[in-house]
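Student: Structure in structure tokens, see below.
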Amino acid sequence: MADLSAARLCSLPGNWSYGNSQGGRLFFIDEEAKSTTWLHPHTGEAVIIGHRRSA
1 MADLSAARLC SLPGNWSYGN SQGGRLFFID EEAKSTTWLH PHTGEAVIIG HRRSA
């Protein structure tokens, strides 16, 4: 799995954004297709477990 830095998150395609699940896991949103994915739209890689939100 990939370690996605803030710079790579900012390089999302224009119609993409990202959010956090209730469990704190990062996911990506394709606003045009109205779909979500755990995989980064450029790399196709999942975010590492370490990117979960801490309580």
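Just so you know, UniProt numbering puts 34 at position 34 of the sequence shown, and the rest follows in order with no gaps.
For every residue, glycine included, the Cβ atom is placed at its ideal position computed from N, Cα and C.
Computed from a prediction, not measured in an experiment: that's the story for all the values here.
Between the Cα of Asn15 and the Cα atoms of Lys34, Glu45, Ala46, which residue gives the shortest distance?
Tutor: Looking at the Cα atoms, Lys34 is the closest of the given residues.
Student: Does His40 pass the burial test, meaning 16 or more other C-beta atoms within 10 Å, or should it be called exposed?
Tutor: buried
Student: Since Ala46 sits in a beta bridge, which residues does DSSP pair it with?
Tutor: Leu39
Student: Just to confirm my understanding: we take Ile29, look at its own chain, exclude 5 residues before and 5 after, and list those with CB closer than 7 Å. What are they?
Tutor: Trp16, Ser17, Tyr18, Gly19, Thr36
Student: Could you check which residue in Ser21, Phe27, Gly23 has the C-alpha nearest to that of Gly44?
Tutor: Of the candidates Ser21, Phe27, Gly23, the one whose C-alpha sits nearest the C-alpha of Gly44 is Phe27.
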